Ligand code: HEC
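Residue numbers (mature numbering (1 follows the signal peptide of the UniProt record, and there is no 0)): -25 to -1, 1 to 103.
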């Protein structure tokens, strides 16, 4: 097999590069770790069972809202929300906590940048 980049091979290589770029657009966990450090770590730990002003965000994906027995400060609103932290539910909550959970007590204005939210959610998905 020779290694000349024929036009056909170039097309395949370009398509693969485009797919890789798309996968990044769906959420880059390494970039999300930086978003977490900047926006969330003041109030949340990524460690299992370690609570700060907010509950630990270890293994959040797929978990019902307000379900950590070791965190005593959940709002009545979050407890009654009936939410499960799917990627979509998290995306809405992180876009605007106050409209996603009216009466909730997370003092965070929201992350407007959709790419930063996708990265952050990809990072949260690695915490398990
Ligand atoms: C100023 C402190 C603060 C900041 C900053 C903050 N949070 Fe929170 N967070 C809280 C508090 C307090 C709660 C509990 C809210 C309630 O009970 O209504 C909470 C709840 C949550 C929950 C629900 C957890 C559960 O067990 O149901 C998630 C998910 C969450 N925060 C994610 C984030 C992410 C991601 C960021 C960064 C973009 C962030 N928070 C920034 C304080 C904060």
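No residue lacks a Cβ here, since even glycine has one placed at the ideal position from N, Cα and C. None of the values given here were measured: they were computed from a predicted structure.
Item	Value
Sequence-distant residues of its chain with Cβ nearer than 8 Å to residue 8 (five each side left out)	98
Cutoff 8 Å; reference residue 20; Cβ partners in own chain excluding five residues on either side	26, 27, 31, 32, 33
Cβ neighbours of residue 45 in the same chain (closer than 7 Å, five flanking residues each side left out)	24, 26
Residue 101, DSSP secondary structure in three states	helix
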